[in-house]
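Each remark here refers to the structure printed beneath this line.
Protein chains: 4
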Amino acid sequence: MTHAYATPRFVSQVPIRFAHCDPAGIIFFPQYLVLFNGLVEDWFNRALGVPYADMVAQGRTGLPIVHLECDFRAITRMGETVDFGLRLARLGNRSLTLAVDCTGADGELRVAATKVLVFTDLQTHKAIAVPAHIRAAMERWMSE
Amino acid sequence: MTHAYATPRFVSQVPIRFAHCDPAGIIFFPQYLVLFNGLVEDWFNRALGVPYADMVAQGRTGLPIVHLECDFRAITRMGETVDFGLRLARLGNRSLTLAVDCTGADGELRVAATKVLVFTDLQTHKAIAVPAHIRAAMERWMSE
Amino acid sequence: MTHAYATPRFVSQVPIRFAHCDPAGIIFFPQYLVLFNGLVEDWFNRALGVPYADMVAQGRTGLPIVHLECDFRAITRMGETVDFGLRLARLGNRSLTLAVDCTGADGELRVAATKVLVFTDLQTHKAIAVPAHIRAAMERWMSE
Amino acid sequence: MTHAYATPRFVSQVPIRFAHCDPAGIIFFPQYLVLFNGLVEDWFNRALGVPYADMVAQGRTGLPIVHLECDFRAITRMGETVDFGLRLARLGNRSLTLAVDCTGADGELRVAATKVLVFTDLQTHKAIAVPAHIRAAMERWMSE
């Protein structure tokens, strides 16, 4: 799993709080997945111009995960502020593949992950085509 | 439970995410408590100049809650950005009382809460005196 | 806040896991609120004979909290199995008041809390009367 | 990722609660990872006879994840009781590979995952050899 994509990288900074950490004093790993989920929301809201909450609540469109791969390379401690990065690796008809990472302020890669997400109708939980306005916004995040 | 304190109010803005919300589409109430905990951290880090994570990890000083009262007045929905506010209501020998709130961008009070926290030694979990440098920093947040 | 009710006490045993605990090695306090929420679900499902998930998902009836008071008396450590207890303290037209507790296997009271919950219509988030079949089931949990 | 192992499968049943679910009314996917973590604890406590909390708190031995792969095949709804299954796929010098799953009461595979965990010293966060008594207990879970 290498992240040598030529595509632009969206970054959101996150302070690692007491609430993220476990009795070992480091991030409890499912919290990385919660934070990656927040990263996708930030990308929709700030970069794509597609309000994520409206897509879910009004549009009744979901974006569940179908495949996840994560390498946990180094620990992250309570009190650090880290970068969460996102690149669009692939845009399919109904799905997208994101390469996401958590990187320390020292540049150390802590977690590298690949997420495959699928657009769904929240009434039926069936896959649907990527909505046209979202596809248009995402295409600007593909490599040339 | 009224919050008509003359003391200064520390505010931190929080976007309400998918991960905070429940099948009713609104904040799952224990998340308010997680967010109030983050608010106390922000107050320590940004306003008091006392790094919260260092206090816990290096100083082995804890700040557990001993009493909590909350009024949930109105719902908060996914996608809102809300203000979390904090006032120091009382500073005792070993404890402090905080009046915290969650307020919508429309000025509507969503949650008002009072938290009593106690400083403890994390080896013994016994109460200890408020550390002197923290007391000095907090006194600036008391009313004149 | 004393819990000297003559009403029956519903009890659910819970193992305290790594995921419930914080860098101090004890339950992160918002997790008590998550676990009290689960206790209310267990009471509905096992004692009242009212499937909680169906009430929410099919019935579109919610049961949000409007008032909470908690005393945190003693710590609970990772690895303990504790009792979560519930008593119905008051049943109103649209609300109910529950006295809940977390008690160690050694009989030590760890947390005592009072929760006021209100039935709502999940379309409008407005309060509604306690549904008749739920009221009938709850009345068996009132003191004689 | 197929799970056609000849090794024994450890199973723990879990009720899916309101607190596990998101505004789409289904399990919020990081909760699967929290629940898989609980499954590993249950395996240690119930099957291996190694109290997980003592290993962490007294033994200062951690078991962080270094690699994770998940396929999310079907949704799980609030109110279901599902089986979480675990098989030991590989036992190395310092690591173990677990094949875990979430399976509905209807037999439908919801999530299949592979986790690679490493034993660490919680003072240094460095990898250590699998402790001898844990290795002995785990070997009974390998295929013949």
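Residue numbers (my numbering), protein chains in the order written: chain A, 1 to 144; chain B, 1001 to 1144; chain C, 2001 to 2144; chain D, 3001 to 3144. In this text, a Cβ means the ideal position worked out from N, Cα and C, and glycines have one as well. Values in this document were obtained by computation on a predicted structure and should not be read as measured data.
Under the Cβ criterion (8 Å, minimum of three pairs), the segment 50-69 of chain A does not count as touching the segment 2046-2054 of chain C. A Cβ-Cβ separation of about 12 Å leaves C/R2094 out of contact with C/I2134 under the 8 Å criterion.
In the DSSP assignment, A/R77 is bridged to A/I26.
One finds F2018, C2021, D2022, P2023, A2024, G2025, I2026 and M2078 in chain C with Cβ atoms closer than 9 Å to the Cβ of A/P23, taken in chain order. Counting only residues of its own chain and dropping the five nearest sequence neighbours on each side, D/R3077 has a CB closer than 6 Å to the CB of I3026. Comparing alpha carbon positions, the residue from C/L2035, C/R2060, C/S2012 and C/E2041 closest to C/L2122 is C/R2060. The alpha-carbon separation between C/R2009 and C/D2071 amounts to approximately 19 Å. Given a length threshold of 3 residues, each whole run of the beta strand (DSSP E) inside the segment 2071-2118 of chain C is given here in chain order: 2081-2091, 2095-2103 and 2109-2118.
For the C-beta of A/P51, not a single chain D residue is nearer than 8 Å; the gap to the nearest is close to 14 Å. One thing to note: D/F3018 has its Cβ no nearer than 8 Å to the Cβ of B/P1131. Chain-ordered listing is empty here: chain D has no CB closer than 9 Å to the CB of C/E2108, the nearest sitting near 18 Å.
Residues of chain C whose Cβ lies closer than 7 Å to the Cβ of D/D3054 are, in chain order, G2079.
Around the beta carbon of B/E1041, a 10 Å sphere encloses 16 or more other beta carbons of the protein chains shown; the residue is thus reported as buried.
Under DSSP, C/A2127 shares a beta bridge with C/T2120. Around the CB of A/Q13, fewer than 16 other CB atoms lie within 10 Å, so the residue is classed as exposed.
Closer than 8 Å to the CB of C/V2066 there is at least one CB belonging to chain B. Residues of chain A with a Cβ closer than 9 Å to the Cβ of B/E1139 do not exist; the shortest Cβ-Cβ separation is about 24 Å. Of the residues assessed, D/Q3031 falls on the buried side of the cut-off, its CB having 16 or more other CB atoms within 10 angstroms.
For B/Q1031, the three-state secondary structure derived from DSSP is helix. For B/V1056, the enclosing alpha helix (DSSP H) starts and ends at Y1052 to A1057. Within chain C, the residues placing a beta-carbon under 8 Å from that of D/A3057 are G2025, R2077, M2078 and G2079, ordered along the chain. Against chain B, a Cβ distance below 9 Å from A/G38 picks out P1015, R1017, F1018 and A1019. At a cut-off of 8 Å between beta-carbon atoms, A/V82 makes no contact with chain D. The continuous alpha helix (DSSP H) containing C/I2134 extends over residues A2132 to E2139. Check the Cα spacing between A/G79 and each of B/G1092, B/Q1058, B/D1083 and B/L1068: the tightest is with B/Q1058.
Beta-bridge analysis with DSSP links C/T2061 to C/D2121. For B/S1012, the enclosing beta strand (DSSP E) begins and ends at F1010 to P1015.
The beta carbon of C/C2021 is closer than 7 Å to those of I2027, F2028 and M2078 in its chain, skipping five residues each way along the sequence.
Between D/L3091 and D/M3142 a beta carbon distance of about 6 Å is seen, short of the 8 Å cut, so the two are scored as contacting. At a cut-off of 8 Å, the C-beta of D/C3102 has no neighbouring C-beta in chain A. Under the 10 Å beta carbon count, D/T3081 is surrounded by fewer than 16 other beta carbons and is classified as exposed.
Cα atoms of C/F2119 and C/D2101: separation of roughly 22 Å, rounded to the nearest angstrom. In the same chain as C/N2045, and ignoring 5 residues on each side of it, the C-beta atoms closer than 7 Å to its own belong to P2051 and Y2052, in chain order. Scanning chain D for C-beta atoms nearer than 8 Å to the C-beta of C/V2034 yields A3019, reported in chain order.
Shortest Cα-Cα distance from D/F3084 to any of D/L3068, D/V3111 and D/E3069 involves D/V3111.
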